[in-house]
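Novice:
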Amino acid sequence: MANSLQTWSVTTCSLAVVLFGLVALLISWARRKRVGEDSTEFFLTARKSQGPWRIGWSFYAASVGAWVLFGPAQYAVDPEYGAGYIGLICYAVFSGLPIYA
1 MANSLQTWSV
11 TTCSLAVVLF
21 GLVALLISWA
31 RRKRVGEDST
41 EFFLTARKSQ
51 GPWRIGWSFY
61 AASVGAWVLF
71 GPAQYAVDPE
81 YGAGYIGLIC
91 YAVFSGLPIY
101 A
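UniProt numbering puts the sequence shown at residues 1 to 101.
1. Return the first residue and the last residue of the alpha helix (DSSP H) that Pro98 is part of.
2. Round the Cβ separation of Gly87 and Ala73 to the nearest angstrom and send it over; I've been treating them as touching at under 8 Å.
3. With DSSP run on the structure shown, which of helix, strand or coil describes Glu41?
4. My understanding is that Ser49 touches Val68, with C-beta atoms under 8 Å, so please give their C-beta distance in whole angstroms.
5. Where does Tyr60 fall in DSSP's three states?
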């Protein structure tokens, strides 16, 4: 029983990886046909290709990403200012609130 289950799971995972790869190739092929400008300058500067809201949300996502990587671990275990598990849960909730506001 365990051997057949393992064979089934390996087959299913392999099929999922192949399908995901095919979908990724299809999407990248479709986008490559649609994108007009492929110069190095356009890639590096992206001049006037994005609006201010998208750029602002990109900066927000980058700062929250750095904050989430380094902030909660320090906040939960800091011997002087640490708040433990309850503080960690509150920290996670309040860092997600701006997304819903």
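All residues carry an ideal CB built from backbone N, CA and C; glycine is no exception. Model, not experiment: these values are computed from the prediction.
Specialist: On the basis of the coordinates in this document:
1. Run containing Pro98: Gly84 to Tyr100, per the alpha helix (DSSP H) assignment.
2. About 12 Å separates the two Cβ atoms, so there is no contact after all.
3. The answer is helix: DSSP assigns Glu41 an H, G or I state.
4. Actually they do not touch by this definition, with Cβ atoms about 28 Å apart.
5. Reduced to three states, the DSSP call for Tyr60 is helix.
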